[in-house]
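One gets this note's numbering by counting positions in the sequence shown from 1 and adding 324 to each.
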Amino acid sequence: MVKQTYHKPTRRRTLAHHAKHIFVPHKGNNYRPHLIRWRGLALVAVLSLIIQISYGLMTTGQWAVLGSTSNITTSQLVADTNREREKAGLGDLVENQQLSQAAFLKANDMFKHNYWAHTSPSGITPWYWFAQVGYNYQSAGENLAKNYPTADATVAAWMNSPTHRANVLDDKYVDVGFAVVDGVLSGRVTTLVVAEYGQPASPGLQIAPVFNVSSTNDNSNNPLTYFGSAIQSLSPASIGVMALLVLVAFVAMAAQAYRKKLPKPWRDSWKVHHGAYTLVGVMIVMLLLILATGGGQL
């Protein structure tokens with residue numbers, strides 16, 4: 325009689341066994357990885373909701389499933405702006421506290437009166453705020469942005485818009501002020517970025533001042549530009565969910581490649597292409613996620 329020896333599976337082997345069933349199409353799971361069965365997809369959906377809700381609670385204190393937050397500093401906005409000006413052979417802008425205060429007042433006014441424009445519903449122009457802080461200018465300009473996650477993304481969006489780019493690279497400006505303010509705009513948690521550019525007026529020189537404002541919604545006319553802007557403004561939570569969906573997409577593609585090895589009832593029905601259907605569904609969800617959570621706008 326041959327003595328049989330039982331070897332207790334190690335934790336690593338157990339994990340590898342389960343991982344193979346979840347992610348890899350093979351004979352043991354009928355070439356249907358558990359991740360793209362309905363229970364697996366339901367788990368992915370629940371996990372995605374938990375990620376988004378947890379991120380919203382941690383960053384805004386609200387149950388914001390599609391919320392986004394920004395990590396923008398005025399110092400980084402100055403650095404990124406000057407980097408773009410240096411590429412164009414222009415001099416650096418100096419951060420001016422008067423202009424920063426003007427930008428702050430403008431951002432608060434937009435929140436207070438719930439508008440997103442250079443001119444308020446009551447007709448107040450950007451230059452009103454310049455006067456409020458006592459900045460006398462010969463040339464002045466304003467850029468707006470909202471809901472971009474970083475200073476890099478904000479300045480990159482400005483550089484992709486002709487009217488915003490013109491302000492960033494205007495050789496007349498020597499001063500700049502930035503404000504980054506959080507609040508609620510049109511019922512949604514929003515981060516506003518206001519940039520005020522200026523050329524001080526020469527004492528005793530009487531010349532009509534020049535005003536330059538960028539176009540709001542300037543990036544909405546080009547779908548590709550808008551889509552690229554939306555990707556740039558994804559929150560860390562949305563990026564995490566996207567990574568999870570990409571994993572599901574790869575498993576679905578692998579399952580589709582093994583469709584001829586599925587059990588006969590599946591091969592003889594529409595289910596033979598379950599991997600392709602899952603892949604298409606995941607891609608649609610990813611697109612909707614980008615459009616829904618990529619809230620950056622000019």
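Beta carbons are placed, not taken as given, at the ideal position from N, Cα and C, and that holds for glycine.
Predicted, not measured: the structure shown is a model, and the values here were computed from it.
If you measure between the beta carbons of tyrosine 379 and alanine 567, is that distance less than 7 Å? Position 55 of the sequence shown, counted from the first residue, corresponds to residue 379. Position 243 of the sequence shown, counted from the first residue, corresponds to residue 567. Here tyrosine 379 is not near alanine 567, since their CB atoms are 7 Å or more apart.
Note down, in chain order, each residue of its chain lying with its Cβ closer than 6 Å to the Cβ of asparagine 460, except the 5 sequence neighbours on either side. In the sequence shown, residue 460 corresponds to position 136, counting from 1. Excluding residues within five positions, the ones whose Cβ falls inside 6 Å are Ala525.
Please report the straight-line C-alpha distance between tryptophan 451 and alanine 464, rounded to a whole angstrom. Reading the sequence shown from its first residue, position 127 is the one you call residue 451. Reading the sequence shown from its first residue, position 140 is the one you call residue 464. Across the structure, tryptophan 451 and alanine 464 are spaced so that their CA atoms are roughly 8 Å apart.
Using 8 Å as the threshold, is the segment 495-508 in touch with the segment 417-426, meaning 3 or more CB pairs across them? Touching, yes.
Between the Cα of isoleucine 563 and those of Ala616, Leu622 and Tyr521, spot the shortest distance and give me the residue it belongs to. If you number the sequence shown from 1, residue 563 lands on position 239. The shortest Cα separation from isoleucine 563 among Ala616, Leu622 and Tyr521 belongs to Ala616.
Looking at C-alpha atoms only, which residue of Glu520, Ser372, Met607 and Leu373 is the closest neighbour of alanine 469? The count along the sequence shown starts at 1 and reaches residue 469 at position 145. Looking only at Glu520, Ser372, Met607 and Leu373, the smallest Cα-Cα distance to alanine 469 is reached by Glu520.
Looking at phenylalanine 502 and threonine 338, is the spacing between their C-beta atoms short of 7 Å? Position 14 of the sequence shown, counted from the start, is the residue given in the question as residue 338. Position 178 of the sequence shown, counted from the start, is the residue given in the question as residue 502. One thing to note: threonine 338 has its Cβ no nearer than 7 Å to the Cβ of phenylalanine 502.
Buried or exposed (CB count within 10 angstroms, at least 16 for buried), lysine 411: Position 87 of the sequence shown, counted from the first residue, corresponds to residue 411. Exposed, since its Cβ has fewer than 16 Cβ neighbours within 10 Å.
Distance between arginine 512 and arginine 356 (C-alpha atoms, nearest Å): Here residue 356 corresponds to residue number 32 of the sequence shown, with the count starting at 1. Here residue 512 corresponds to residue number 188 of the sequence shown, with the count starting at 1. Spanning the two alpha carbons is a distance of roughly 41 Å.
Please classify serine 593 as buried or exposed, where buried requires at least 16 neighbouring CB atoms within 10 angstroms. As a position in the sequence shown, residue 593 is number 269, starting the count at 1. That one is exposed.
Could you give the distance in angstroms between the alpha-carbon of proline 473 and the alpha-carbon of lysine 351? If you number the sequence shown from 1, residue 473 lands on position 149. If you number the sequence shown from 1, residue 351 lands on position 27. Distance between proline 473 and lysine 351, taken at the CA atoms: about 45 Å.
State the DSSP-derived secondary structure class of proline 473, mapped to helix, strand or coil. Position 149 of the sequence shown holds residue 473. It is coil, neither helix nor strand.
Rounded to the nearest angstrom, what separates leucine 611 and leucine 365 at their Cα positions? Translated into the one-based positions of the sequence shown, residue 611 becomes position 287. Translated into the one-based positions of the sequence shown, residue 365 becomes position 41. Taking C-alpha positions only, leucine 611 is separated from leucine 365 by approximately 17 Å.
From the DSSP secondary-structure annotation, give me the bridge partner or partners of threonine 515. Counted from its first residue, the sequence shown places residue 515 at position 191. Note: threonine 515 sits in a beta bridge opposite Asp506.
Identify every residue that forms a DSSP beta bridge with glutamate 419. Taking the first residue of the sequence shown as 1, we reach residue 419 at position 95. Glutamate 419 is bridged to Val500.
Bridge partners for proline 524 per DSSP, in chain order? As a first step, residue 524 must be located in the sequence shown, where it is residue number 200. Here proline 524 is bridged, per DSSP, to Tyr461.
Express the C-alpha separation of alanine 403 and threonine 514 in angstroms, rounding to a whole number. Position 190 of the sequence shown, counting from 1, holds the residue named residue 514. Position 79 of the sequence shown, counting from 1, holds the residue named residue 403. Their backbone Cα atoms lie some 23 Å apart in a straight line.
Give the DSSP-derived three-state secondary structure of leucine 622 in the structure shown. In the sequence shown, residue 622 corresponds to position 298, counting from 1. Coil, per DSSP.
Considering only the alpha carbon of each residue, which of His341, Pro349, Lys585 and Leu359 lies closest to leucine 571? Counted from its first residue, the sequence shown places residue 571 at position 247. In this structure, Leu359 is the residue among His341, Pro349, Lys585 and Leu359 with its C-alpha nearest to the C-alpha of leucine 571.
What distance in whole Å lies between the Cβ atoms of leucine 613 and valine 580, which are believed to be in contact at a cut-off of 8 Å? Working through the sequence shown from its first residue, we reach residue 580 at position 256. Working through the sequence shown from its first residue, we reach residue 613 at position 289. Here the sequence assigns glutamine to residue 580, which means valine is not the residue at that position. Contact between glutamine 580 and leucine 613 fails: their C-beta atoms lie close to 22 Å from each other, not under 8 Å.
Is it buried or exposed for glycine 458, if we count other Cβ within 10 angstroms and need 16 for buried? Mapped onto the sequence shown, residue 458 falls at position 134. Residue environment: glycine 458 is assigned as exposed (fewer than 16 neighbouring CB atoms within 10 Å of its CB, all protein chains considered).
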